[in-house]
Structures are given as structure tokens and as C-alpha cells.
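According to the numbering used here, the sequence shown is numbered sequentially starting from 15.
All C-beta atoms, glycine included, are put in the ideal place defined by N, C-alpha and C.
Here the structure comes first, spelled out in C-alpha cells, and everything after it is commentary.
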Amino acid sequence: MSITDIAATGWTAFWNNICSAGTLGIVIAMVVVCLLLGFAFGRTMGAFNFALRAVSAIVGVVLVIGFLGVLGISMSMLNPLINWLLEIVHAPVYLPEA
């Protein structure tokens, strides 16, 4: 597999991850929280900057996870740790383990 194949497949995986309903829900929730935090601090432009930074951070993480997935590195090995943390805070959401 050449570097262009890896890049093309990673780019496709990135857009599939970004356009999924779960990712869009997380991005919208983060934008709303960041806007509310910015407005709570009393600066409108600060709120928009805060929201843009959060969205760019999420997009960056999704991009890295997409390219790692193309290379065969799965993030599902972290699911038991995430479920353990969710169990501590009594969250009603659990991730399926591989």
C-alpha cells in the first residue's frame, strides 16, 4: 500500500467519521457549551474563538484516529478503560468492547 493509498483511505475515513451522527452531535454539543462558557465570561468574540478552538481540536482528533485506523491501529482497546471511567460516574452509556 503506497503513501497515496494510505492518505486517500485516511481522508475517506476522516469524512466518514466527521459526517456520522455521533460526531456531529458531539461537535454541536461542544459548540453550545463553549459558546455558553464564552458568554458567561462576558465576551462575545471570546465565545466564538473558544468554540472554534474546540471544533478544530475535535476535527484534529478525528483526523488522527481516522489515519491510525487506516494503518491498523484500533482505538477499541481503550473501551474497557472508558467503560470503567463511565461506571465510576454512573453514566448510562457504555461502549462495546472488541
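Asked	Found
Between the CA atoms of residue 46 and residue 70 - distance to the nearest angstrom	14 Å
Uninterrupted beta strand (DSSP E) stretches inside the region 41-80 (no shorter than 3 residues)	none
Spatial neighbours of residue 116 in its chain, beta-carbon cut-off 7 Å, leaving aside the 5 residues before and after	What is shown of the chain runs 15 to 112, which leaves residue 116 out entirely.
Among 49, 17, 77, nearest to residue 66 - alpha-carbon criterion	49
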